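Trainee: For the sequence shown, the positions run 1 to 277 when UniProt numbering is used. Cβ atoms here follow ideal geometry from the backbone N, Cα and C, with glycine treated the same way. Everything numeric in this text was worked out from a predicted model, so none of it was measured.
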Amino acid sequence: MRARTNVALLVGGTLVGLVVLAAVVSFFWTPHDPTLVDAAGKLREPGDGYLLGADKFGRDTFSQLMVGARTTLYVGIVAVGIAALIGTPLGVIAGMTPRGGLSELIMRANDLVFAFPALLLAVMLGAVYGPGTLTAMIAIGVATVPAFARVARAATLQVMVTDYILAARAAGRRRPAIAVRHVLPNISSVLIVQASVSFAIAILAEAALSFLGFGTRPPIPSWGRMLQESQELLFSTPRLALWPGIAIAVAVLGFNLLGDGLRDHLDPKLRRIRAEG
């Protein structure tokens, strides 16, 4: 168990670290201007300063991948942040009042939001407010709220039957104080894991939205739009779709492995099993 966990954390952390490194470096340096259109250099093969070649507009593919990592992480951070800030308090409230009408109302509203996938919500928002990065972030964030609410509620229900919560209630502590001082610290581990998994989902959703034209707009590079722009050249120049596809796969795999490793590392039951083994 320990070996598997260490491998998951190591591989996942390494892959995520590579994506983050590319995004951070892109703020200060890229081999070429990722938005510069060079008609004379369109479909340039790798070499001569173009590590991965150029696309149909003559833009450097490697530079676009670097800046695309920045866009992907930006959308993921904001979207997951929206989901966590909304879903976690709702889940905690529902978990602390399991028999009340408020809990039932929250969970039924949660089910209603869960029925709308991020792509459908983005299409609806795009039709009203126009497509763009902000639309993608809001759509992905709102669509991910139910996952955080369910996880937070389930974890809160487990915490609420512990002795220290019963002692706090017997001492006359109010529910907000119990939630802040006792519940949130004890469910933070599952929320961290959920955030990692949701980040991977957000990366896929952002790429899909950009591919469909409801995500990041030109000239800002996006992995999903790189795939969309390369589809007409899929058979003649497959490398244009290969590199953004690999980038998306690496990022999603990295966050999934990171979440899996964090789950095994932070779960007290699994830690006890490893100690006994």
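Would you tell me roughly how many angstroms separate the C-alpha atoms of Gln228 and Ala149, rounded to the nearest one?
Mentor: In the sequence shown, residue 228 corresponds to position 228, counting from 1. In the sequence shown, residue 149 corresponds to position 149, counting from 1. Between Gln228 and Ala149, the C-alpha separation is close to 34 Å.
Trainee: Tell me which residues share the same chain as Phe199 and place their Cβ nearer than 7 Å to its Cβ, disregarding the 5 neighbours each side in the sequence.
Mentor: In the sequence shown, counting from the first residue as 1, residue 199 sits at position 199. If we look at Phe199 and ignore the five residues flanking it on each side, its Cβ neighbours are Gly76, Val80 and Phe255.
Trainee: So is Ala3 buried or exposed if we call it buried at 16+ other beta carbons inside 10 Å?
Mentor: For the purposes of this step, residue 3 is taken as the residue at position 3 of the sequence shown. Because the pLDDT at Ala3 is just 46, under 50, the model does not fix this residue reliably, and the value given afterwards should be weighed accordingly. Exposed, by the Cβ-count rule.
Trainee: Would you say the stretch 258-266 touches the stretch 20-33, given that touching needs at least three Cβ pairs under 8 Å?
Mentor: Not touching, per the Cβ criterion.
Trainee: Quick check: the Cα distance between Pro221 and Ala177, rounded to an integer number of angstroms?
Mentor: The residue given as residue 221 occupies position 221 in the sequence shown. The residue given as residue 177 occupies position 177 in the sequence shown. Whole-angstrom Cα-Cα distance: 45 Å.
Trainee: Kindly give me the distance between the Cβ atoms of Asp60 and Ala54, rounded to whole angstroms, as I take these residues to be in contact under 8 Å.
Mentor: Stepping through the sequence shown from its first residue, residue 60 is reached at position 60. Stepping through the sequence shown from its first residue, residue 54 is reached at position 54. Right, their Cβ atoms sit about 6 Å apart.
Trainee: What's the call for Ile246, buried or exposed, on a 16-neighbour Cβ count within 10 Å?
Mentor: One-based indexing of the sequence shown puts residue 246 at position 246. The residue in question, Ile246, is exposed, as its Cβ has fewer than 16 Cβ neighbours within 10 Å.
Trainee: Rounded to a whole number of angstroms, what is the C-alpha to C-alpha distance between Leu184 and Arg153?
Mentor: Counting from one through the sequence shown, the residue named residue 184 turns up at place 184. Counting from one through the sequence shown, the residue named residue 153 turns up at place 153. Going from the Cα of Leu184 to the Cα of Arg153 covers about 11 Å.
Trainee: For Ala167, which of helix, strand or coil comes out of DSSP?
Mentor: Within the sequence shown, the letter at position 167 stands for residue 167. Residue state, collapsed to three classes: helix.
Trainee: On a CA-only basis, which of Gly130, Met160 and Asp38 is nearest Arg217? Give me that one, please.
Mentor: Your numbering for residue 217 matches position 217 in the sequence shown. Residue Gly130 is the option with its Cα nearest to Arg217.
Trainee: Looking at the unbroken alpha helix (DSSP H) that takes in Gly81, where does it start and where does it end?
Mentor: As a working mapping, residue 81 is identified with position 81 in the sequence shown. Per DSSP, Gly81 belongs to the alpha helix (DSSP H) from Thr61 to Met96.
Trainee: Would you mind stating whether Lys94 and Ser103 have Cβ atoms separated by less than 7 Å?
Mentor: Start at 1 with the first residue of the sequence shown, and residue 94 comes out as number 94. Start at 1 with the first residue of the sequence shown, and residue 103 comes out as number 103. Reading off the sequence shown, one finds Ala at residue 94, where the question assumed Lys. The Cβ atoms of Ala94 and Ser103 sit closer than 7 Å to each other.
Trainee: Whose C-alpha, out of Ala122, Ala84, Ala143 and Met137, is nearest the C-alpha of residue 303?
Mentor: The structure shown does not extend to residue 303, since the chain spans only 1 to 277, so no value can be given for it.
Trainee: Starting from Arg263, follow the alpha helix (DSSP H) in both directions and report where the run begins and ends.
Mentor: Mapped onto the sequence shown, residue 263 falls at position 263. From DSSP, the alpha helix (DSSP H) with Arg263 extends over Arg239 to Leu266.
Trainee: Establish whether the CB of Ser210 and some CB of chain D are separated by less than 7 Å.
Mentor: Among the chains in the structure shown there is no chain D, since it carries only a single protein chain.
Trainee: Have a look at Trp243 and Trp223 and give me their C-alpha separation to the nearest angstrom.
Mentor: Position 243 of the sequence shown, counting from 1, holds the residue named residue 243. Position 223 of the sequence shown, counting from 1, holds the residue named residue 223. Using only the alpha carbons, I get a separation of about 9 Å.
Trainee: Quick one: which unbroken alpha helix (DSSP H) runs of 4-plus residues sit fully inside the stretch 105-180? Chain order, please.
Mentor: Considered as a whole, the stretch 105-180 harbours 118-129, 133-160, 163-170 and 175-178 as its complete alpha helix (DSSP H) runs of no fewer than 4 residues, in chain order.
Trainee: Contact defined as beta carbons within less than 8 Å: I believe Ile187 pairs with Thr162. What is the distance between those atoms, to the nearest angstrom?
Mentor: As a working mapping, residue 187 is identified with position 187 in the sequence shown. As a working mapping, residue 162 is identified with position 162 in the sequence shown. Taking the Cβ atoms as the reference, Ile187 lies roughly 12 Å from Thr162, outside the contact range of under 8 Å.
Trainee: Out of curiosity, what's the CA-to-CA distance linking residue 282 and Arg99?
Mentor: Nothing about residue 282 can be read from this structure; the chain reaches only from 1 to 277.
Trainee: Can you tell me which of Arg70, Gly141, Met124 and Ala147 puts its alpha carbon nearest to the alpha carbon of Met107?
Mentor: Locating residue 107 in the sequence shown gives position 107, counting from the first residue. Ranking Arg70, Gly141, Met124 and Ala147 by Cα distance to Met107 puts Ala147 first.
Trainee: So for Gly53, helix, strand or coil by DSSP?
Mentor: Taking the sequence shown and counting its residues from 1, the one referred to as residue 53 is at position 53. It is coil, neither helix nor strand.
Trainee: Return the Cβ separation of Gly58 and Ala39 in integer angstroms, given the expectation that the two are a contact with Cβ distance under 8 Å.
Mentor: Against the sequence shown, residue 58 aligns to sequence position 58. Against the sequence shown, residue 39 aligns to sequence position 39. Indeed they touch by this definition, with Cβ atoms about 6 Å apart.
Trainee: Looking at C-alpha atoms only, which residue of Val16, Leu52 and Arg44 is the closest neighbour of Arg70?
Mentor: The residue you call residue 70 lines up with position 70 of the sequence shown. Among Val16, Leu52 and Arg44, the Cα nearest to that of Arg70 is on Val16.
Trainee: Please go through the same chain and pick out, in chain order, the residues whose beta-carbon is closer than 8 Å to the beta-carbon of Phe211, but skip the five residues on each side of it.
Mentor: In the sequence shown, residue 211 corresponds to position 211, counting from 1. Gly224, Arg225, Leu227 and Gln228.
Trainee: In terms of DSSP beta bridges, what is Gly47 paired with?
Mentor: If you number the sequence shown from 1, residue 47 lands on position 47. DSSP output for Gly47 lists Tyr50 as bridge partner(s).
Trainee: For Leu191, name the three-state secondary structure that DSSP assigns.
Mentor: The residue given as residue 191 occupies position 191 in the sequence shown. Under the three-state reduction of DSSP, Leu191 is assigned to helix.
Trainee: Once DSSP output is grouped into helix, strand and coil, what is the label at Thr14?
Mentor: Translated into the one-based positions of the sequence shown, residue 14 becomes position 14. Helix at Thr14.
Trainee: Going by beta carbon distance, what residues of the same chain come within less than 6 Å of Val193, once the five residues before and after it are set aside?
Mentor: By 1-based counting over the sequence shown, the position of residue 193 is 193. So the list reads Gly259, Leu262 and Arg263, once near-sequence residues are dropped.
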